[in-house]
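Have a look at the structure below, then the notes.
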Amino acid sequence: MHISVFGLGYVGAVTAGCLAARGHHVRGVDVSSAKVEDLNRGKPPIIEPGLEERIATGLQTGRLNATTAADEAVKTTKVSLVCVGTPSTVSGSLDLTFVRQVTQQITEAVRAKKESHALVFRSTMLPGSTRSMVDEYARDLVDTGQLAVYYYPEFLREGSAVGDFDTPSLSVTGSIDGHPPSGNGELWFDPDTSAVSWETAEMLKYACNAFHATKVAFANEIGRLGKGLNVDATEVMRLLCRDTRLNVSPYYLRPGNPFGGSCLPKDVRALVHRARQAGASVPLLESLLPSNERHLQSLLEMIGASGHRELVILGLSFKSKTDDLRESAMVEVAQHCLGRGYGVRIFDPQLNLAALVGANKRLIDTRMPHLANLLHADLGQALGSRGLIVAAQQVVPAEELAKWLTSDHAILDVNGWTALRQLPCSYHGFCW
Ligand SMILES: NC(=O)c1ccc[n+]([C@@H]2O[C@H](COP(=O)([O-])OP(=O)(O)OC[C@H]3O[C@@H](n4cnc5c(N)ncnc54)[C@H](O)[C@@H]3O)[C@@H](O)[C@H]2O)c1
Numbered sequence: 550m551h552i553s554v555f556g557l558g559y560v561g562a563v564t565a566g567c568l569a570a571r572g573h574h575v576r577g578v579d580v581s582s583a584k585v586e587d588l589n590r591g592k593p594p595i596i597e598p599g600l601e602e603r604i605a606t607g608l609q610t611g612r613l614n615a616t617t618a619a620d621e622a623v624k625t626t627k628v629s630l631v632c633v634g635t636p637s638t639v640s641g642s643l644d645l646t647f648v649r650q651v652t653q654q655i656t657e658a659v660r661a662k663k664e665s666h667a668l669v670f671r672s673t674m675l676p677g678s679t680r681s682m683v684d685e686y687a688r689d690l691v692d693t694g695q696l697a698v699y700y701y702p703e704f705l706r707e708g709s710a711v712g713d714f715d716t717p718s719l720s721v722t723g724s725i726d727g728h729p730p731s732g733n734g735e736l737w738f739d740p741d742t743s744a745v746s747w748e749t750a751e752m753l754k755y756a757c758n759a760f761h762a763t764k765v766a767f768a769n770e771i772g773r774l775g776k777g778l779n780v781d782a783t784e785v786m787r788l789l790c791r792d793t794r795l796n797v798s799p800y801y802l803r804p805g806n807p808f809g810g811s812c813l814p815k816d817v818r819a820l821v822h823r824a825r826q827a828g829a830s831v832p833l834l835e836s837l838l839p840s841n842e843r844h845l846q847s848l849l850e851m852i853g854a855s856g857h858r859e860l861v862i863l864g865l866s867f868k869s870k871t872d873d874l875r876e877s878a879m880v881e882v883a884q885h886c887l888g889r890g891y892g893v894r895i896f897d898p899q900l901n902l903a904a905l906v907g908a909n910k911r912l913i914d915t916r917m918p919h920l921a922n923l924l925h926a927d928l929g930q931a932l933g934s935r936g937l938i939v940a941a942q943q944v945v946p947a948e949e950l951a952k953w954l955t956s957d958h959a960i961l962d963v964n965g966w967t968a969l970r971q972l973p974c975s976y977h978g979f980c981w
């Protein structure tokens, strides 16, 4: 495959060297003539273990060279990878100036050569950027099929970039229709790549980096707090990572319900309070309860904006298969809506009021003494003939719901319950 790589910085130089070592014919392109000359002399434009050898192989076999001539590089290749920088502006916004420049150069050269070509963005760009580049510079080429455009996020880490390129931790390709790349020009994509829309692939890159940043900040805060409390936080974090069921796993990583229950809110509150006493500043941990509260507010805003005045809550407890109501978001939803004059009906087969004891009983007696009037044992009665169904938990099979729903119902899915999309009433996802 003949490939041009735009931008010979950390990502571009590694990409160019590794693709050439894999047997592709690679033209590296950069505005910096110093970087171009370095690469053509066998000197990597950046320091990266293993890269010098890859570049040397590429040069010796005649499969790698670099140029400042963008149009000539496009003319002699079938695929152009965009690896130019996307720095922050002074205000913190993303500066796409370099991406714009190369997109314009590449699309003009493709128009002139009158052959099919693939344009692959690897620079990190916010959701909507690929679409705006296409709209601005390439709509005609894409509509006629001359240009295929992909967003293929790069996940390599400096310092181990060559190994990461060879075996990427994740490979996801964004395309115009969410379909996998096809045709000759796209043969170099990782065979295991997941195909998604441009925007999903763009967002994924930011979600990954935000997650990594959160992990680092979290470990550092546990470290600072541990030091303040005379606890070895390195040992704590090492043990935390041994739990691959709840901690280092997909668990707790699905958008949906606010957290609640008898442990998370209470324990985060206590930890933050202790940190204040110990003089340890833990802004990330301090942000957790406000973030959770904000999430609940968003749900209440969506309910308010729905226009419905009758509310059906599916699942009142803080998670399914339990009758624990402590700090359950749905108790807050019920209270809030009752206070604003909504008709509220609740269906939760796990909840047996007569059997509640202890803290749960106290909560009902003091905060929701009227709960018995809202709780329906019969699904049909709970759903009634109209209303907004706030689906917090999967308390009943979707087929059962289908028997009772009318076009006067609407579903607000808080739990990512995909079967609800097929039901005969309007469907609204809470945060998807
Ligand atoms: N560095 C990383 O570890 C890493 C990892 C994944 C993704 N990314 C993303 O990849 C992109 C590139 O990052 P980087 O660290 O390689 O940047 P970099 O600053 O090291 O390199 C960018 C290169 O683009 C060149 N360039 C600018 N305008 C150009 C133009 N019009 N034509 C040709 N070349 C041009 C610059 O001269 C420079 O050599 C960024 O969006 C970054 O966020 C970086």
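Heads up, the sequence shown is in the numbering used here, so the first residue is 550 and it goes up one at a time. Don't be surprised by glycine CBs; every beta carbon is placed ideally from N, CA and C.
Please state if the CB of residue 555 and the CB of residue 651 are separated by a distance shorter than 8 Å. For the purposes of this step, residue 651 is taken as residue 102 along the sequence shown, with counting starting at 1. For the purposes of this step, residue 555 is taken as residue 6 along the sequence shown, with counting starting at 1. Yes. Within cutoff.
In chain order, what residues of the same chain lie with their CB nearer than 8 Å to the CB of residue 714, ignoring the 5 residues before and after it? Against the sequence shown, residue 714 aligns to sequence position 165. Here the set comprises 563, 564, 567, 705.
In angstroms with no decimal places, state the Cα-to-Cα distance between residue 660 and residue 980. Here residue 660 is taken as the residue at index 111 of the sequence shown, counted from 1. Here residue 980 is taken as the residue at index 431 of the sequence shown, counted from 1. Spanning the two alpha carbons is a distance of roughly 41 Å.
Residues near residue 928 in its chain [Cβ-Cβ closer than 7 Å; skip 5 each side]: Working through the sequence shown from its first residue, we reach residue 928 at position 379. Result list for residue 928: 896, 945, 949, 953, in chain order.
Hey, does residue 609 have any beta-carbon neighbour from chain D nearer than 8 Å? The structure shown contains no chain D; it holds only a single protein chain.
Report yes if the C-beta of residue 776 is less than 7 Å from at least one heavy atom of ligand 1; otherwise report no. For this step, residue 776 is matched to residue 227 along the sequence shown. Incorrect: residue 776 has no Cβ contact closer than 7 Å to ligand 1.
So which of 707, 668, 610 has the shortest CA-CA distance to residue 598? Position 49 of the sequence shown, counting from 1, holds the residue named residue 598. Measuring from the Cα of residue 598, the nearest candidate turns out to be 707.
Same chain, Cβ closer than 6 Å to residue 701, five either side skipped, listed in chain order: As a working note, residue 701 is residue 152 in the sequence shown. These residues qualify, in order along the chain: 669, 671, 722.
Nonlocal neighbours in the same chain, by C-beta distance under 7 Å from residue 866, ignoring five residues either side: The residue given as residue 866 occupies position 317 in the sequence shown. Counting only Cβ-Cβ distances below 7 Å, and skipping sequence neighbours, we find 872, 873, 874, 877, 897, 899, 900.
Compare the C-alpha of residue 840 against each of 850, 816, 612, 807 and name the closest. Here residue 840 refers to the residue found at position 291 of the sequence shown. That would be 807, whose Cα lies nearest to the Cα of residue 840.
At least three beta-carbon pairs within less than 8 Å, the region 638–650 to the region 601–615: no
Measuring only from the beta carbon, is residue 579 closer than 7 Å to any heavy atom that is part of ligand 1? The sequence position of residue 579 within the sequence shown is 30, counting from 1. Yes, the beta carbon of residue 579 sits closer than 7 Å to at least one heavy atom of ligand 1.
Check whether the Cβ of residue 718 lies closer than 7 Å to any heavy atom of ligand 1, and answer yes or no. Against the sequence shown, residue 718 aligns to sequence position 169. Answer for residue 718: no, Cβ out of range of ligand 1.
Run of the alpha helix (DSSP H) containing residue 582, from where it starts to where it stops: Taking the sequence shown and counting its residues from 1, one reaches residue 582 at position 33. Residue 582 -> alpha helix (DSSP H) spans 582–589.
Cβ neighbour criterion (16 or more within 10 Å) applied to residue 850: Counting from one through the sequence shown, the residue named residue 850 turns up at place 301. An exposed status is given to residue 850, since fewer than 16 other beta-carbon atoms sit within 10 Å of its beta-carbon.
State the DSSP-derived secondary structure class of residue 983, mapped to helix, strand or coil. This structure does not reach residue 983, given that the chain is present from 550 up to 981, and the question cannot be answered.
Which whole-angstrom value describes the C-beta separation of residue 827 and residue 774, a residue pair presumed to lie in contact below a C-beta threshold of 8 Å? Here residue 827 is taken as the residue at index 278 of the sequence shown, counted from 1. Here residue 774 is taken as the residue at index 225 of the sequence shown, counted from 1. Indeed they touch by this definition, with Cβ atoms about 7 Å apart.
For residue 624 versus residue 662, is the C-beta distance shorter than 8 Å? Position 75 of the sequence shown, counted from the start, is the residue given in the question as residue 624. Position 113 of the sequence shown, counted from the start, is the residue given in the question as residue 662. Yes, Cβ-Cβ distance for residue 624 and residue 662 is below 8 Å.
Would you check if there are 3 or more beta carbon pairs closer than 8 Å linking the region 819–839 to the region 902–922? no
Any heavy atom of ligand 1 inside 7 Å of the beta-carbon of residue 576? Mapped onto the sequence shown, residue 576 falls at position 27. Flag unset: Cβ of residue 576 not near ligand 1.
Boundaries (first-last residue) of the beta strand (DSSP E) holding residue 578: The residue given as residue 578 occupies position 29 in the sequence shown. 574–578 is the span of the beta strand (DSSP E), which, as asked, contains residue 578.
Which word fits residue 763, buried or exposed, when buried means at least 16 other C-beta atoms lie within 10 angstroms of its C-beta? For the purposes of this step, residue 763 is taken as the residue at position 214 of the sequence shown. When all chains shown are included, residue 763 counts as exposed.
When you measure from the CB of residue 627 to every non-hydrogen atom of ligand 1, does any distance come out below 7 Å? Within the sequence shown, residue 627 is the residue found at index 78, counting from 1. Outside the cutoff, so no.
From this set, 967, 823, 833, 939, which residue's C-alpha is nearest residue 765's C-alpha? The residue labelled residue 765 in the question sits at position 216 within the sequence shown. Considering only alpha carbons, the answer is 833.
So what's residue 629 in DSSP terms, helix, strand or just coil? Start at 1 with the first residue of the sequence shown, and residue 629 comes out as number 80. Residue 629 falls in the strand class under three-state DSSP.
With respect to the beta strand (DSSP E) encompassing residue 960, which residues constitute its N-terminal and C-terminal limits? On the sequence shown, residue 960 is found 411 positions in, with the first residue counted as 1. That run of the beta strand (DSSP E) goes 958–962.
Going by CA-CA distance only, name the one from 676, 558, 909 that's closest to residue 580. Here residue 580 is taken as the residue at index 31 of the sequence shown, counted from 1. The option with the nearest alpha carbon to residue 580 is 558.
Tell me the DSSP secondary structure of residue 755 in three-state form. The residue given as residue 755 occupies position 206 in the sequence shown. In the structure shown, residue 755 sits in a helix (DSSP, three-state: H, G or I).
Apply the 10 Å Cβ neighbour rule to residue 751 and answer buried if 16 or more other Cβ atoms are within range, or exposed otherwise. Locating residue 751 in the sequence shown gives position 202, where the first residue counts as 1. Residue 751 should be labelled buried.
When you compare only the Cα positions, how much space is there between residue 746 and residue 770? Within the sequence shown, numbered from 1, the residue matching residue 746 stands at position 197. Within the sequence shown, numbered from 1, the residue matching residue 770 stands at position 221. Cα to Cα, residue 746 sits roughly 36 Å from residue 770.
Hey, how far is the Cα of residue 924 from the Cα of residue 825? The residue you call residue 924 lines up with position 375 of the sequence shown. The residue you call residue 825 lines up with position 276 of the sequence shown. Those two C-alpha atoms are separated by around 41 Å.
Assign residue 686 to one of three DSSP states: helix, strand, or coil. Within the sequence shown, residue 686 is the residue found at index 137, counting from 1. In the three-state reduction of the DSSP assignment, residue 686 falls in the helix class.
Give the DSSP-derived three-state secondary structure of residue 800 in the structure shown. Residue 800 sits at position 251 when you count from the first residue of the sequence shown. Residue 800 falls in the coil class under three-state DSSP.
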